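**Q**
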Amino acid sequence: MELKILIDGITNFVDNSQLNTVNEIGLNRIFDYPIIGVADAKDPMFVQLQNPDVIGPHHLLPNDWLNNAKSVISYFLPFTNEVRQANSEQGLPAIEWVYARIEGEVFNNALRNYIVDIVKQNGSNANAPAVDSRFSVVDRRSNWSERHIAYIAGLGTFGLSKALITKKGCAGRFGSVVMDVQIPPTPRDYNGIYDYCTMCGECIRRCPSNAITQQGKNNSTCSNYIDKEILPRFAPRYGCGKCQTAVPCEFSLP
Ligand code: B12
Ligand code: SF4
Ligand code: SF4
1312 MELKILIDGI TNFVDNSQLN TVNEIGLNRI FDYPIIGVAD AKDPMFVQLQ NPDVIGPHHL
1372 LPNDWLNNAK SVISYFLPFT NEVRQANSEQ GLPAIEWVYA RIEGEVFNNA LRNYIVDIVK
1432 QNGSNANAPA VDSRFSVVDR RSNWSERHIA YIAGLGTFGL SKALITKKGC AGRFGSVVMD
1492 VQIPPTPRDY NGIYDYCTMC GECIRRCPSN AITQQGKNNS TCSNYIDKEI LPRFAPRYGC
1552 GKCQTAVPCE FSLP
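Sequence positions in the sequence shown follow my numbering and run 1312 to 1565.
1. When the Cα atoms are used, what is the spatial distance from Asn1529 to Arg1452?
2. Using three-state DSSP, classify Asn1339 as helix, strand or coil.
3. Return the bridge partner residues of Ala1482 from the DSSP annotation.
4. Report all residues for which the CB-ligand distance to some heavy atom of ligand 3 is below 5 Å; order them along the chain.
5. At a cut-off of 7 Å, is Gly1512 close to ligand 2 when judged by its beta-carbon and the heavy atoms of the ligand?
6. Enumerate in chain order the residues of its own chain whose CB-to-CB distance from Asp1506 is below 7 Å, with the five nearest sequence positions on each side excluded.
7. Pull up the distance between the alpha-carbon of Asn1419 and that of Ile1366, whole angstroms please.
8. Tell me where the alpha helix (DSSP H) around Leu1330 begins and ends.
9. Considering just the uninterrupted stretch of the beta strand (DSSP E) at Ile1460, what are its terminal residues?
10. Which residues in the same chain have their Cβ closer than 6 Å to the Cβ of Cys1566, if we skip the five residues on either side of it in sequence?
11. What is the residue span of the alpha helix (DSSP H) that Gly1348 lies within?
12. Would Met1490 be called buried (16 or more neighbouring beta carbons within 10 Å of its own) or exposed?
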């Protein structure tokens, strides 16, 4: 199977899925077209993720999710201008952003399942870890980290805010699917995990909870802020993403 079949299917899904629209708040489109990368399922970096300093031993390998795994397709779905622009104010998240977090992930899960269906229709097998019943998050560390997968698949590097920065910026969401089809991997045009970040510090200024400093981002400060300040106001939705909007890495490489 050629990568083009998957790219065409994904493009079609972004254009035509009703889940990419939120009528309730008049949001025409949550996501623009994604950028897509492919990793070799045997890339030694997958094993490196099991190091406790990187993610941890609970992080599963492609072959744990799918027998005879050969490739992993990873994509970044950028939020539309409508969503980003709305979240450019300081302070509380925009209503568009919290819908894009929750309804956007419903779309993202449907896209993961759709990619699995395309692979199966072409006579091969696939599995999307994020919608597998074994998927779990322990102490804010998942057993399949979409940003780390995207890093291996050549899509981008981390930033000071810990967002993964791609050629279409960082304001958006990631997904991935493990397949038993061999597709040539995307070359990584970086060597270090923070290569694309200029360390400009704009995300520090944007963060309402002071979770980010020049030394990096504190995940528990960010998480507590979202749980205690945002969730009660927007329940059942939540989110923040100020560090991903109105910053130089929002739309493109900074
Ligand atoms: C748990 C979680 C959280 C936690 C912890 C976040 C975190 N950074 O880990 C909390 C609640 C704080 C959180 C907050 C948010 N989240 Co969140 N979250 C997740 C989740 C479910 C798992 C993350 C995880 O496993 N982290 C593992 C730890 C270890 O990651 P880490 O500390 O950043 O990793 C560092 C080390 O590995 C280190 N490192 C050291 N040595 C080496 C060596 C190598 C080779 C490598 C690669 C790395 C490495 O580099 C990394 C960066 O410093 C993912 C979904 C998923 N399944 O991936 C979404 C995800 C990370 N969240 C996302 C988003 C958008 C958000 C929010 C903006 C909330 C919102 N939607 O409004 C904020 C801010 C995110 C941010 N900038 O970090 C997006 C990220 C989009 C992006 N552009 O990066 C994700 C990927 C969801 C998605 N499907 O797109 N989130
Ligand atoms: S705002 Fe600047 S310092 Fe923060 S992640 Fe983006 S490029 Fe890096
Ligand atoms: S999501 Fe919000 S609270 Fe968390 S680091 Fe980004 S700006 Fe700060």
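C-beta: ideal position from N, C-alpha, C; glycine also.
As the structure is a prediction and not an experimental result, all values here were calculated from the model.
**A** Reading it off the structure:
1. To locate residue 1529, count along the sequence shown from 1; it is residue 218. To locate residue 1452, count along the sequence shown from 1; it is residue 141. Going from the Cα of Asn1529 to the Cα of Arg1452 covers about 13 Å.
2. On the sequence shown, position 28 is the one that residue 1339 refers to. In this structure, Asn1339 counts as coil in the three-state DSSP scheme.
3. Position 171 of the sequence shown holds residue 1482. Answer is none; Ala1482 lacks a bridge partner.
4. Cys1518, Ser1520, Ala1522, Cys1533, Tyr1536, Cys1551, Lys1553, Cys1554
5. Taking the sequence shown and counting its residues from 1, the one referred to as residue 1512 is at position 201. Relative to the non-hydrogen atoms of ligand 2, the Cβ of Gly1512 comes within a distance shorter than 7 Å of at least one.
6. Along the sequence shown, one-based indexing puts residue 1506 at 195. Exclusion of the five residues before and after Asp1506 leaves Thr1468 as the residues of its chain whose Cβ lies within less than 7 Å of its Cβ.
7. Here the question's residue 1419 lines up with position 108 in the sequence shown. Here the question's residue 1366 lines up with position 55 in the sequence shown. One C-alpha to the other measures close to 23 Å.
8. For the purposes of this step, residue 1330 is taken as the residue at position 19 of the sequence shown. Per DSSP, Leu1330 lies in no alpha helix (DSSP H) segment and is marked neither H nor E.
9. As a working note, residue 1460 is residue 149 in the sequence shown. Not the beta strand (DSSP E): Ile1460 falls in the alpha helix (DSSP H), residues 1457–1463.
10. With the chain represented from 1312 up to 1565, any question about residue 1566 goes unanswered, as that position is not in the structure.
11. Here the question's residue 1348 lines up with position 37 in the sequence shown. Segment 1346–1351 is the beta strand (DSSP E) holding Gly1348; no alpha helix (DSSP H) there.
12. By one-based count along the sequence shown, residue 1490 stands at place 179. Label assigned to Met1490: buried.
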